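Last residue of the sequence shown: 585 in the numbering used here, with the numbers rising by one and none dropped.
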Amino acid sequence: MLDATMRKLIDPALNRLGAGLARTGLTANAITLIGLGMGLACAGLIALQQPLWALLPLALSRLADGLDGAVARATEKTDFGGYLDIFCDFVFYGAVPMGFVWADPTANGMAGAFLLTSFYANGASFLGYAILAEKAQMHSTARGVKSLYFTGGLLEGTETIAFFVALCLWPDLFAPLAWAFGVLCFATASARVVLARKVFPGKG
382 MLDATMRKLI DPALNRLGAG LARTGLTANA ITLIGLGMGL ACAGLIALQQ
432 PLWALLPLAL SRLADGLDGA VARATEKTDF GGYLDIFCDF VFYGAVPMGF
482 VWADPTANGM AGAFLLTSFY ANGASFLGYA ILAEKAQMHS TARGVKSLYF
532 TGGLLEGTET IAFFVALCLW PDLFAPLAWA FGVLCFATAS ARVVLARKVF
582 PGKG
């Protein structure tokens with residue numbers, strides 16, 4: 382819901398930083414993998430019950446997630462780069478809740494399983510829509526220049542990162558926050574399915 386607004390605010394600065402990094406020879410794919418490493422470090426610190434320390438690699442992972450696209454725009458955008466970026470994003474999104482479950486399986490297990498299932502459903506609705514949009518030759522730059530078609534929704538990347546930050550700040554509230562966010566994820570996925578039915582009509 383907030384991604385389009387956030388892109389307008391952060392893209393100019395990211396593009397300047399990305400152009401500078403591109404001149405050093407650092408590739409977009411390398412930055413993507415660095416971001417994944419930071420994201421997994423974040424999840425590891427959460428699993429070790431150090432959620433406040435996890436905020437640092439969390440921030441660095443999301444900075445890398447913005448910079449890889451900026452570097453690609455300054456050099457060369459590739460289909461594989463877009464694929465790698467979305468793959469690493471989804472690994473990160475799953476790893477953080479897993480960290481909380483590993484930190485306290487008894488308290489967080491059920492809520493974590495529900496949250497991860499909601500992420501799975503939301504991700505499937507997002508990627509499925511992107512495939513159909515590509516087939517229909519649809520394009521959008523509302524959420525920045527992307528390799529995939531990004532549909533809007535109640536919950537997007539900005540809201541998910543804010544949610545992860547809240548979990549790190551108040552880890553004892555993981556279960557109620559996870560149940561609530563999971564419900565909103567399912568609502569987002571359902572709305573995207575309804576939208577897809579309208580945008581890509583057919584028999585049946």
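Glycine included, every Cβ here is placed at the ideal spot set by N, Cα and C.
Model, not experiment: these values are computed from the prediction.
Applying the 10 Å Cβ sphere with the 16-neighbour rule, what's the burial state of residue i?
i	result
P486	exposed
V472	exposed
L417	buried
P582	exposed
I542	buried
K579	exposed
A505	exposed
A550	In the sequence on display, residue 550 carries Leu and not Ala. So L550 ends up on the exposed side.
D466	buried
D460	exposed
G525	With a pLDDT of only 49 at G525, under the threshold of 50, the placement of this residue in the model should not be trusted, and no figure is reported.
Suppose contacts are defined by Cβ-Cβ distances below 8 angstroms. Is residue i in contact with residue j by that definition?
i	j	result
A484	Q430	yes
M419	A394	no
L423	L439	The sequence given here has Cys at residue 423, not Leu. Yes. Within cutoff.
G462	A409	yes
V546	L436	yes
Could you check which residue in the options has the C-alpha nearest to that of residue i?
i	options	result
A559	A492, E537 and T459	A492
L576	F507, G463, I427 and A494	F507
A403	R578, S571, C423 and G450	G450
Y510	L437, V574 and W434	V574
L497	K516, A476 and A488	A476
A494	P557, T405 and K516	P557
R443	Y464, D460, Y474 and G490	Y474
D470	A572, G538 and S571	G538
Rounded C-beta distance between residue i and residue j? I'm assuming under 8 angstroms.
i	j	result
P552	P432	5 angstroms
T413	N503	With a Cβ gap of about 21 angstroms, T413 and N503 do not count as contacting.
F481	I427	6 angstroms
L548	F555	6 angstroms
G447	I391	6 angstroms
F562	F544	5 angstroms
Would you say the beta carbon of residue i comes nearer than 7 angstroms to a heavy atom of the ligand ATP?
i	result
F507	Although the ligand ATP was asked about, the structure shown includes no ligands whatsoever.
Sufficient close CB pairs (3 or more, under 8 angstroms) joining the region 395-403 to the region 449-462: yes
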